[in-house]
Amino acid sequence: MNTSRTVADLRLAVAQRRSCAPSGAERRRVGLVPTMGALHDGHLSLIRRARADCDTVVVSLFVNPAQFRPGEDLEAYPRDEGRDAALAEAEGVDVLFAPPEEEIYPPGFDTRVRVGRLTSVLCGGPDRRGPDHFTGVATVVVKLFNMVGPDVAYFGQKDAQQALVIHRLVRDLDIPVAIEVCPTVREPSGLAVSSRNAYLDRAERERAAALSRALAAAETAVAGGERSADAVLRAARAELEAAHVQPEYLELRSARDLSPARRVNGATLLAVAARVGETRLIDNTILEAK
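Going by the numbering used here, the first residue of the sequence shown is number 2, and it counts up by one from there.
Right under this line is the structure:
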């Protein structure tokens, strides 16, 4: 496995692997899995999908300061490059990109990529993480796409809003990369795997599982014929209240464009964010009226 620290080395490593294709063979397919490190089973599922689909797999490890608000956990965010590198190599990753911050944001850097309405709701609400969070995400993702030139990039459904934002910027900016969104990976309790789960103590971890139970309660209500947003949200909220978890938001929105949903018609996103102790967690499910 090649480990690159600079954009120049990264591009060279990817170019060398593309050039390995025999004369006359199809262009070698490159897959990118962008991460902030602290790799877990969710990341590994993306890497395995990329490995199955692509000739070359690139994984980035970069804790992106541009997507953290002041007072968030930028400094505390878990970092263990040695562990991450060992996991990546065991999964057959070809190129690991682990740049220092100044390689991504050199002195004088003054450009941002801002996606519009999709970033102003849910996690992008002004009393939440705010749209600047997604501006930070969009900016670093576009930079990674330009650096790697992947054919496919892989993201997790747990970050559903982020995935929609990336779909939008790829369409709007005509970036020639396919976006694959892979299913959320869960712990046995149902808790969605996340790097921030490391912050939870045992009691908090048990309470945090209420997020997935809330989603399951909504799925059960819809499967039983319920279509009213108010009724579906009541079923979900009851599970949170039983665990004494106060949601930051619990909302039904179109899975296509995040417009508010008054009824479950077609693909409808149920998204939840909550703090358990000091840890902010998110989760979601797609409800389908059948």
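For each residue, glycine too, the CB sits at the ideal point set by N, CA and C.
Whole-angstrom distance between residue j and residue i, CA atom to CA atom
i	j	result
alanine 99	alanine 268	37 Å
leucine 192	alanine 209	7 Å
alanine 237	valine 223	11 Å
aspartate 85	isoleucine 48	12 Å
asparagine 285	valine 59	27 Å
serine 213	lysine 159	11 Å
arginine 52	aspartate 42	15 Å
proline 151	phenylalanine 135	21 Å
phenylalanine 146	valine 171	10 Å
tyrosine 200	threonine 280	7 Å
proline 71	leucine 40	24 Å
leucine 241	arginine 264	21 Å
proline 66	glycine 137	8 Å
isoleucine 105	alanine 16	20 Å
leucine 282	threonine 140	23 Å
leucine 292	phenylalanine 69	There is simply no residue 292 to check, as the chain begins at 2 and stops at 291 in what is shown.
serine 46	arginine 187	11 Å
alanine 275	valine 246	7 Å
glutamate 73	glycine 125	15 Å
serine 190	arginine 118	34 Å
glycine 83	alanine 161	29 Å
arginine 197	serine 255	27 Å
valine 122	arginine 169	15 Å
arginine 296	arginine 228	Outside the shown range of the chain (2 to 291) lies residue 296, about which nothing can therefore be said.
leucine 62	arginine 129	25 Å
threonine 57	glutamate 289	35 Å
proline 248	glutamine 163	19 Å
Which residues DSSP lists as bridging residue i, in chain order
i	result
phenylalanine 156	Val182
glutamate 252	Ala272
alanine 193	Arg187
serine 5	Phe98
glutamate 289	Ala268
leucine 62	Thr36
valine 277	Thr280
DSSP three-state assignment for residue i, whether helix, strand or coil
i	result
glutamate 73	coil
glycine 32	strand
glutamate 242	helix
isoleucine 283	strand
leucine 170	helix
leucine 259	coil
leucine 88	helix
Any non-hydrogen atom of the ligand GTP within 7 Å of residue i CB
i	result
proline 101	The ligand GTP is not among the ligands present in this structure, which contains no ligands whatsoever.
Min CB distance residue i to chain C below 8 Å
i	result
valine 58	Annotation note: the requested chain C is absent from the structure, which comprises a single protein chain.
Jot down the residue ranges of each uninterrupted alpha helix (DSSP H) in the region 92-161, minimum 4 residues, whole runs only, in chain order.
102-105 and 132-149
The region 176-183 in contact with the region 193-207 per 3-pair CB rule at 8 Å
no
Take every Cβ of the region 104-119, pair it with every Cβ of the region 76-90, and state whether three or more of those distances are shorter than 8 Å.
no
Going along the chain, which unbroken runs of the alpha helix (DSSP H) with 4 or more residues stay wholly within the region 198-239?
203-209 and 211-224
Closer than 8 Å is the cut-off here; do at least three beta carbon pairs connect the region 87-97 with the region 32-45?
Result yes; three or more Cβ-Cβ pairs closer than 8 Å.
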